[in-house]
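The sequence shown begins at 4 in the numbering used here and counts up by one.
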Amino acid sequence: AIESVAIERVRQQFETNVFGLVQMTQLVLPGMRRQRWGKIVNLSSMGGRLTFPGGGFYHSTKYAIEPLPDALRFEVAGFGIDAILIEPGLIRSNFGDRAVSSIGSATVSDDPYATFNTQVAKATHDSYERGPLARLGGTPENVAQTIAQAIASPHPRARYTVTPSARLLITLRQILPDTVWDRFLGSQFPRPH
Numbered sequence: 004a005i006e007s008v009a010i011e012r013v014r015q016q017f018e019t020n021v022f023g024l025v026q027m028t029q030l031v032l033p034g035m036r037r038q039r040w041g042k043i044v045n046l047s048s049m050g051g052r053l054t055f056p057g058g059g060f061y062h063s064t065k066y067a068i069e070p071l072p073d074a075l076r077f078e079v080a081g082f083g084i085d086a087i088l089i090e091p092g093l094i095r096s097n098f099g100d101r102a103v104s105s106i107g108s109a110t111v112s113d114d115p116y117a118t119f120n121t122q123v124a125k126a127t128h129d130s131y132e133r134g135p136l137a138r139l140g141g142t143p144e145n146v147a148q149t150i151a152q153a154i155a156s157p158h159p160r161a162r163y164t165v166t167p168s169a170r171l172l173i174t175l176r177q178i179l180p181d182t183v184w185d186r187f188l189g190s191q192f193p194r195p196h
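Quick look at the structure:
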């Protein structure tokens, strides 16, 4: 839960997911401009287009990444540089285990969200490991193949959505009103009380 995350952990997440990406982009662009060619590939997530309970800060970092390639495409196309965004959905890796571990280590016993955090960790783990969405997930290799495809393309798309889970959930989020989306999430995740 947002209230229960230490601000230092929030800063660390933004440093890694947003500021590190921005700094790397700024470092490589001068060389790409000089050679009049390059491809910037930003790795976001379906989590940059929708939000799951208990992941407010992770999703915030991914939302922050979403507009960067949009702006870059306009700013650097004249130099022969493409800006591409990759949006994976559920990836069968150790993410579920890491999420459980991260939530567990951040929760203190007198935290009013302790039960919620524990239940969200379990729901997240189950989604990645064995729920219906896990069957619609992909592998790290699927993401790597998509990145390779984008890099190899002479005219890459602006966005590449990886996995059926991402395509399904992004579409649902786009078409469902907020209240219906919230009810859907309520059927998958616990609510604090």
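Don't be surprised by glycine CBs; every beta carbon is placed ideally from N, CA and C.
- Item | Continuous beta strand (DSSP E) assignments of at least 3 residues falling wholly in the region 29-64 | 41-46
- Query: In this structure, what does DSSP give as the bridge partners for P91?
  - Reply: As a position in the sequence shown, residue 91 is number 88, starting the count at 1. According to DSSP, P91 bridges with V165.
- Provide the residue span of the alpha helix (DSSP H) that contains P72, from first to last. As a first step, residue 72 is located in the sequence shown; it is residue number 69 there, counting from the start. Run containing P72: 70-79, per the alpha helix (DSSP H) assignment.
- Query: Mapping DSSP to helix, strand and coil, what is D270?
  - Reply: With the chain represented from 4 up to 196, any question about residue 270 goes unanswered, as that position is not in the structure.
- Inter-stretch contact (C-beta, 8 angstroms, three-pair minimum) for the region 65-72 and the region 43-54: yes
- Can you give me the Cβ contacts of L139 inside the same chain, cut-off strictly under 8 angstroms, excluding the 5 residues immediately before and after it? Within the sequence shown, numbered from 1, the residue matching residue 139 stands at position 136. Result list for L139: G92, L93, T166, P167, S168, L171, in chain order.
- Query: Excluding the five sequence neighbours on either side, which residues of its own chain have a C-beta within less than 7 angstroms of the C-beta of E6, listed in chain order?
  - Reply: As a working note, residue 6 is residue 3 in the sequence shown. Around E6: Y116.
- For T64, I'd like the list of residues in its chain whose CB is within less than 7 angstroms of its CB, leaving aside the five on either flank, ordered along the chain. Translated into the one-based positions of the sequence shown, residue 64 becomes position 61. Contacts found: Q16, F17, N20, V21.
- Task: Please confirm whether K125 and I84 have their CB atoms less than 8 angstroms apart.
- Result: Numbered from its first residue, the sequence shown carries residue 125 at position 122. Numbered from its first residue, the sequence shown carries residue 84 at position 81. The answer is no: Cβ separation not under 8 angstroms.
- Identify whether G141 lies in helix, strand or coil by the three-state DSSP scheme. Residue mapping note: residue 141 aligns to position 138 of the sequence shown, counting from 1. G141 falls in the strand class under three-state DSSP.
- Item | Pairwise C-alpha distance: A86 and D76 | Here residue 76 is taken as the residue at index 73 of the sequence shown, counted from 1. Here residue 86 is taken as the residue at index 83 of the sequence shown, counted from 1. It should be pointed out that residue 76 corresponds to Arg in this sequence rather than to Asp. When rounded, the distance between both Cα atoms is 5 angstroms.
- Query: For A86, which three-state DSSP category applies?
  - Reply: As a working mapping, residue 86 is identified with position 83 in the sequence shown. Assignment of A86 by DSSP, reduced to helix, strand and coil, places it in the strand class.
- Task: State the start and end residues of the unbroken alpha helix (DSSP H) segment that holds V13.
- Result: Against the sequence shown, residue 13 aligns to sequence position 10. Per DSSP, V13 belongs to the alpha helix (DSSP H) from 10-17.
- Message: In whole angstroms, give me the CA-to-CA distance for E175 and D129.
- Response: For this step, residue 175 is matched to residue 172 along the sequence shown. For this step, residue 129 is matched to residue 126 along the sequence shown. In the sequence on display, residue 175 carries Leu and not Glu. The alpha-carbon atoms of L175 and D129 are separated by roughly 20 angstroms.
- Query: With A4 and N120 assumed to form a contact (beta carbons below 8 angstroms), what rounded beta-carbon distance in angstroms separates them?
  - Reply: Counting from one through the sequence shown, the residue named residue 4 turns up at place 1. Counting from one through the sequence shown, the residue named residue 120 turns up at place 117. Sure, about 6 angstroms apart at Cβ, within 8 angstroms.
- How many whole angstroms separate the CB atoms of R160 and E90, which I take to be in contact at a CB cut-off of 8 angstroms? Indexing the sequence shown from 1 puts residue 160 at position 157. Indexing the sequence shown from 1 puts residue 90 at position 87. Not quite, the Cβ-Cβ distance comes to about 11 angstroms (not below 8 angstroms), so this is no contact.
- Using three-state DSSP, classify G134 as helix, strand or coil. Numbered from its first residue, the sequence shown carries residue 134 at position 131. G134 falls in the coil class under three-state DSSP.
- If you run the structure through DSSP and keep just helix, strand and coil, what is N120? The sequence position of residue 120 within the sequence shown is 117, counting from 1. Correct three-state label for N120: helix.
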